[in-house]
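Input: a single structure, listed below in structure tokens.
2 protein chains.
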Amino acid sequence: MATQQVLIDGQWQASKGTETFQATNPANKQPLPETFPVSPWSEIEAALQAAERAARTVRNWPAERFAKFLEAYATKIEQRTDDICRIANLETGLPVEPRLKTAELPRTINQIRQSAAAARDGSWRVPTIDPKINLRSCFGPIGPVIVFGPNNFPFAYNGIAGGDFASAVAAGNPVIGKAHSSHPGTTKILAELAHAAAQETEMPPGFVQLIYRTSHKDGTRMVSHHCTAAIGYTGARTTGLVLKEAADRVGKPIYVELSSINPVFFLSGAIAERRQALVDDFTASCLMATGQFCTNPGLVILPEGPDSEALIKVIAEKFNAAPVGTLLSGGVESNLRAAIVAIRQAGADLVCGDTSPDASRFCHANTLLRVKADAFLADAEKFQTEAFGNSSLFVTTKNVDQMAAIIDKLEGNLTGSIYSHTGGQDDDAYDRLAPLLRQHVGRLLNDKMPTGVAVSAAMNHGGPFPATGHPGFTAVGVPAAIHRFAMLQSYDNVRHHRLPPCLQNQNPTGKQWRLIDGQWTQGDAPSA
Amino acid sequence: MATQQVLIDGQWQASKGTETFQATNPANKQPLPETFPVSPWSEIEAALQAAERAARTVRNWPAERFAKFLEAYATKIEQRTDDICRIANLETGLPVEPRLKTAELPRTINQIRQSAAAARDGSWRVPTIDPKINLRSCFGPIGPVIVFGPNNFPFAYNGIAGGDFASAVAAGNPVIGKAHSSHPGTTKILAELAHAAAQETEMPPGFVQLIYRTSHKDGTRMVSHHCTAAIGYTGARTTGLVLKEAADRVGKPIYVELSSINPVFFLSGAIAERRQALVDDFTASCLMATGQFCTNPGLVILPEGPDSEALIKVIAEKFNAAPVGTLLSGGVESNLRAAIVAIRQAGADLVCGDTSPDASRFCHANTLLRVKADAFLADAEKFQTEAFGNSSLFVTTKNVDQMAAIIDKLEGNLTGSIYSHTGGQDDDAYDRLAPLLRQHVGRLLNDKMPTGVAVSAAMNHGGPFPATGHPGFTAVGVPAAIHRFAMLQSYDNVRHHRLPPCLQNQNPTGKQWRLIDGQWTQGDAPSA
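First to last, the protein sequences are chains A and B. So in my numbering, the last spot in the first sequence is 1126, and the numbers never skip. So in my numbering, the last spot in the second sequence is 1126, and the numbers never skip.
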């Protein structure tokens, strides 16, 4: 079978690369038939130049154009649902139902459509007008964006279809998608649909491009190239940090999502009040998708004592009884095993799992570890090793002071949850812990597990380092997510007819929200 | 005279450092009497720990507290105007009138008061509410902020009084100010007033702290310390890049403002129409404050031909006739001379200046250089060497194509200006150049010089690298400038009474703007 083509400058074309790779079916460890190219530098540079040309072409296009492209793309994805889910299942082991077909693909389509709506309503631009001195500002497109998608969301974070892609396009930027090597076939179909939608809506060549893999060296060259304006990266911490360093050195905004263990606090009143609900919540959240979520609850902090022991015991029973899910790849499997080894070596005890129940596929037994707070505090960094997958670490604490001390040792996380008694018995503890936890996490939850990321304007899927590289940005939720791929542009004394429509005195749609003299309004700005 | 004290954890105290330094009066090259300490690491760490304690103390304080502190501070500065301007004049050579007393100090006080108002109205928080799913988000304080002030604005960018300081405090963050070594005495008085205001308004110890100098190694240690949440730095590129690398490596947001040469385009119709106005605009802007502005017009691009020659000739005459201002320091003088040497060595011709007219003070003759576009394009990086001070480079171009080619070679800048004919004769050229220039600059001007940065919500004092480290942020203009020192915080299913007031259903002031279900409103949110 011929090596698959890359999408460069408006054309599917044979890669000039000589190296190739194949994806592996994690459910049987067999290679999948298609081969994909590793792009050489010349090809990457051609894509970067084409993206820059496309950026110039579309720079002053009305938002309607980007919205139409996104909507055409969303429809095409919808129409190919079955094909897309079939190949994604083969490449990732994630079940077609309900995960791929009923949950992730509709979410992905919804994200694209929300981004189209945000492009159209212009909310992300935050038009700001100071009429007295004819000074005006708004966010504008930043330029070519590269998106590196992760392994665990073949659609919703895909480099050519996910939230970063949709946000970048909504701001009017061309995107070069970099497929994740574990699901290149899925990405290929999505890119075909993106390309078809781009042609149908007359986007310029180079607006949507796809490569499958690069050498590590070319990856760093790519993110620091003069044509690159910004980068989105979700994935492994080591690779992400290398790309971040390369981009940071030349001042390119790079949004990385690197790791998160999502601490969950079970306060004593909540355990006493509703132990079974906590067990059910936690088990479902931790084992869903075999635990392969960036918001998976990987660390649970709870008081020591008989109630907690009973809770742990029931969770262990459920872990033992639950089917063992397939992991995304051999790499995920070996990383999970290595992380569990590291946490056990640091002193955690095994509650259940940590076996290899099925050598015919990538998997690891549902695993629960536990450690006392004293030990955790003595080696907090090691105990925060991310065990990406169906594993979690429980930390038993003597008192609320120890819970607070644990928070002080936490790295930045995407989320933090606190379960407390509904009648107020835990309120003192909550009031002590929540303000501390708040500064370590992007999203603070009450009585709820962190998995399940609503696509809403009020979402923050972000958090302090190393959860992400900057705690002021979210990867999910428009219009905020779009700001990542925008630059602030001020217009000083610019003649009125030369201003972008959103900054002219007349409200361009009669509905766009603008900040005029410190007040949000959908009205017109006064003439000077 | 005893070495001046540092302000750590609410106390003015003798530094434990053994090294000291003195400021120099640039008008006579004589050292000023006071000696200031270089703080050792133990002292810096004490400040960081104190800042962290202060951050925890004030975390849930109402905005009113920070506003009151800022306002008390502004009043104290106003009351000490004469003392502050006197010492700043001695340390910087900047004239008391009009610069220090009528321009910069009132601007600084205005910035602090605007920041207080922004803290109070809460606009920077962007409260966003999705009532149906009880998901809410807002910006919140990020934690301890370190501010490194530059040499050229002893008040408006001062580490303990300038825009970064005021923005960080408005968001509810403690600040450690790092004085610039060229005006430590000015900074000391400001810090005394800040401390007095902090005591008067009952801010905790460690909320406002001051150190004067650190070793380079301790500077990088400081910005990457676990207690540090964010950093503002305005100053020299080399130092800034070292600090940026250290902060980036550990994911601390660092906002650097490094260099900008602020290209100005004189289109042919504008020169023909109003040559004298252009001459006057440019000369005043380029020589104001001896050219020591980050928005100084250091690069002028204009068509070749007799009109431009006449314009250059008159500017040279004005440069020769104008008094030669005093430069801020020996470092500024030697850097300016070195930059002029580099630009001349690259092939620029001298139009006027580049002499040393007065050895008794730090200064350099008002200098104009020129080069043809072909030569500029062949070595564009060298010709963009920032000559910080009273110097500018003119580039003559054969046609608009060459102007466009120059823009393609430009580094990121804070500003870019285009002067064009008022009757539309330059409109084709403008329409070609403006979209290109737009992507290289934070603020695009028409028929106006870039010096003079209005403190307005619509200002963007920022721009693509290396003007700053991220093109999405501004250092001037509230509420946007405050976002730099904020983190995004989402609340998911959090019980209503535990939400910060700005996210509860009832509008906390009846006037706060909030984004509810995609609409900006000052009303209440519906109950779920």
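No residue lacks a Cβ here, since even glycine has one placed at the ideal position from N, Cα and C.
- Distance from the Cα of B/ASN749 is smallest, within the candidate group B/ASN1058, B/THR995, B/TYR810, B/ILE829, for B/TYR810.
- In the three-state DSSP reduction, A/THR818 falls in the helix class (H, G or I).
- Against chain A, the beta carbon of B/ILE869 has no neighbour under 9 Å; the closest one sits roughly 18 Å away.
- Taking a Cβ-Cβ threshold of 7 Å, the residues of chain B close to A/ALA1052 are ILE731, LEU733, in chain order.
- In this structure A/GLY1040 touches A/LEU1012 by the C-beta definition: roughly 5 Å separates them, less than 8 Å.
- Straight-line measurement puts the Cα of A/THR1066 at about 41 Å from the Cα of B/GLN602.
- Between A/ILE829 and A/LYS850, the CB-CB gap stays under 8 Å.
- The beta carbon of A/ASN1058 falls within 8 Å of a beta carbon belonging to chain B, placing the residue at that interface.
- A straight-line Cα-Cα distance of about 36 Å links B/ILE941 and B/ALA1078.
- In this chain, B/ILE941 is not harboured by any beta strand (DSSP E); it is covered by the alpha helix (DSSP H) spanning 928-944.
- Counting only runs that start and end inside the segment 625-700 of chain A, the alpha helix (DSSP H) elements of at least 4 residues fall at 639-656, 661-677, 679-690.
- Between the alpha carbons of A/VAL724 and A/LEU975 lies a distance of about 44 Å.
- Proximity of chain A to B/ASP728 at the Cβ level (cut-off 7 Å) is accounted for by SER1054, ALA1055, ALA1056, in chain order.
- Apart from the 5 residues on each side of it in sequence, A/LEU1086 sits with its Cβ closer than 7 Å to the Cβ of SER735, PHE737 in its chain, given in chain order.
- Among the CB atoms of chain A, one or more fall inside 8 Å of the CB of B/PHE1071.
- Using a CB distance cut-off of 8 Å, B/ILE682 does not count as an interface residue toward chain A.
- Taking C-beta atoms under 8 Å as the contact rule, B/ALA653 and B/ASN771 qualify, at a distance of about 7 Å.
- Judged by DSSP in its simplified three-state form, B/ILE740 adopts coil rather than helix or strand.
- Listed in chain order, the non-local C-beta contacts of A/LYS980 below 6 Å within the same chain comprise ALA944, local neighbours out to five positions each way being set aside.
- Any Cβ of chain A closer than 8 Å to the Cβ of B/MET1085 would place that residue at the interface, and such an atom is present.
- Between B/ALA768 and B/SER822, the C-beta spacing is not below 8 Å.
- Between the segment 888-906 of chain A and the segment 976-995 of chain A, the count of Cβ pairs shorter than 8 Å is three or higher; the stretches touch.
- Non-local beta-carbon contacts of B/PRO861 in its own chain, meaning distances under 7 Å to residues more than five positions away in sequence, involve LEU897, ILE899, LEU1008, ASN1011, GLY1014 in chain order.
- Of all residues in the segment 983-997 of chain B, none comes within less than 7 Å of chain A when Cβ atoms are compared.
- Rounded to whole angstroms, the gap between the alpha carbons of A/LYS776 and A/GLY757 is 6 Å.
- Apart from the 5 residues on each side of it in sequence, B/TRP1118 sits with its Cβ closer than 6 Å to the Cβ of TRP1111 in its chain, given in chain order.
- Exclusion of the five residues before and after B/GLN807 leaves LEU605, ILE606, ALA645, ILE774 as the residues of its chain whose Cβ lies within less than 6 Å of its Cβ.
- The Cβ of B/ASP846 sits closer than 8 Å to at least one Cβ of chain A.
- When the Cα atoms are used, A/ILE682 and A/THR784 turn out to be separated by approximately 6 Å.
- Look at A/HIS781: its C-beta is not under 8 Å from any C-beta on chain B.
- Beyond the five residues adjoining it in sequence on each side, B/LEU698 comes within less than 7 Å, by CB distance, of CYS683, ALA686, ASN687, LEU692 in the same chain, given in chain order.
- Neighbourhood of A/TYR1089 in chain B, by CB distance below 7 Å: LEU1042, in chain order.
- If the five residues before and after A/TRP639 are omitted, its C-beta is found closer than 7 Å to the C-beta atoms of ASP816, ARG819, all from its own chain and listed in chain order.
- The beta carbon of B/LYS674 lies closer than 7 Å to those of LEU791, ALA794, ALA795 in the same chain, with the five residues before and after it left out.
- In the structure shown, the three-state DSSP call for B/LYS842 is helix.
- By the C-beta density criterion, B/ALA875 is exposed, having fewer than 16 other C-beta atoms within 10 angstroms.
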